[in-house]
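Here is the structure we will look at.
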Amino acid sequence: MDLAAARTRLAAVPDPEIPAISLVELGIVRELRETGAGLEVVLTPTYSGCPATELIADDVRAALAEFGRVTVTMQRSPAWSTDWITPEGREKLQRYGIVPPQCSAEQAIRVVPKLRCPRCDGGRTEQLSRFGSTACKSTWRCIECGEPFEYFKPI
Ligand SMILES: [Zn+2]
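Structural data, given as structure tokens:
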């Protein structure tokens, strides 16, 4: 078993909701280990009850199929946090037009963030809705270029 090759393959699996970022960059891959029968991948889903969870497990199984039997285990505790998004993942989100979390979840309860537009870098932005295309994002608009964008809310 070439565990390093399996790790490389796993690192290339994109998030089905935001294909610009991989599952590893999103910080949901807890562990990849060899078992007697093949591989076990431990994932912490971003949100419980997220419909993408089954899809993600299927994608992981398909990506690693050549390495033998793949077991996907969901570990829901401790809960996933946006703090686990890697620096590379944050950069890719920003380039994709989704502003990555700007603070910890604890700070977010008290402060509405001041966001810069991911398209024109303008500093005058406003929140249009606390929810975006998914519950984990909020919808914003840039007053300078007029374009809407999404913010990945800290949790
Ligand atoms: Zn703008």
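For the sequence shown, position 120 (counting from the first letter as 1) is numbered 120 according to the UniProt record's numbering, and the numbering increases by one without interruption.
Glycine included, each C-beta is placed from N, C-alpha and C at the ideal position.
Taking the straight line between their C-alpha atoms, what separation do you get for residue i and residue j?
i: residue 128; j: residue 141; result: 7 Å
i: residue 108; j: residue 37; result: 44 Å
i: residue 63; j: residue 12; result: 9 Å
i: residue 93; j: residue 78; result: 24 Å
i: residue 148; j: residue 3; result: 42 Å
i: residue 75; j: residue 120; result: 39 Å
i: residue 114; j: residue 9; result: 37 Å
i: residue 7; j: residue 144; result: 43 Å
i: residue 27; j: residue 99; result: 16 Å
i: residue 45; j: residue 57; result: 10 Å
i: residue 97; j: residue 21; result: 12 Å
i: residue 15; j: residue 43; result: 12 Å
i: residue 47; j: residue 81; result: 9 Å
i: residue 17; j: residue 1; result: 31 Å
i: residue 118; j: residue 136; result: 18 Å
i: residue 61; j: residue 29; result: 13 Å
i: residue 89; j: residue 54; result: 22 Å
i: residue 146; j: residue 126; result: 10 Å
Assign residue i to buried or exposed, taking buried as 16 or more other Cβ atoms, counted over all protein chains shown, within 10 Å of its Cβ.
i: residue 111; result: exposed
i: residue 106; result: exposed
i: residue 104; result: exposed
i: residue 83; result: exposed
i: residue 124; result: exposed
i: residue 186; result: In this structure the chain extends from 1 to 155, so residue 186 is not present and cannot be described.
i: residue 156; result: An answer regarding residue 156 cannot be provided, because it is not within the stretch 1 to 155 covered by the chain.
i: residue 31; result: exposed
Should the stretch 22 to 38 be called in touch with the stretch 68 to 86, which here means at least 3 C-beta pairs below 8 Å? The stretch 22 to 38 vs the stretch 68 to 86: in contact.
For the stretch 54 to 128, list the alpha helix (DSSP H) runs that are entirely contained and at least 4 residues long, ordered along the chain. 87 to 96 and 105 to 110, all fully within the stretch 54 to 128.
If you measure from each residue's Cβ to the nearest non-hydrogen atom of ligand 1, which ones come out under 6 Å, in chain order? That gives 117, 119, 120, 122, 142, 144, 145 and 147.
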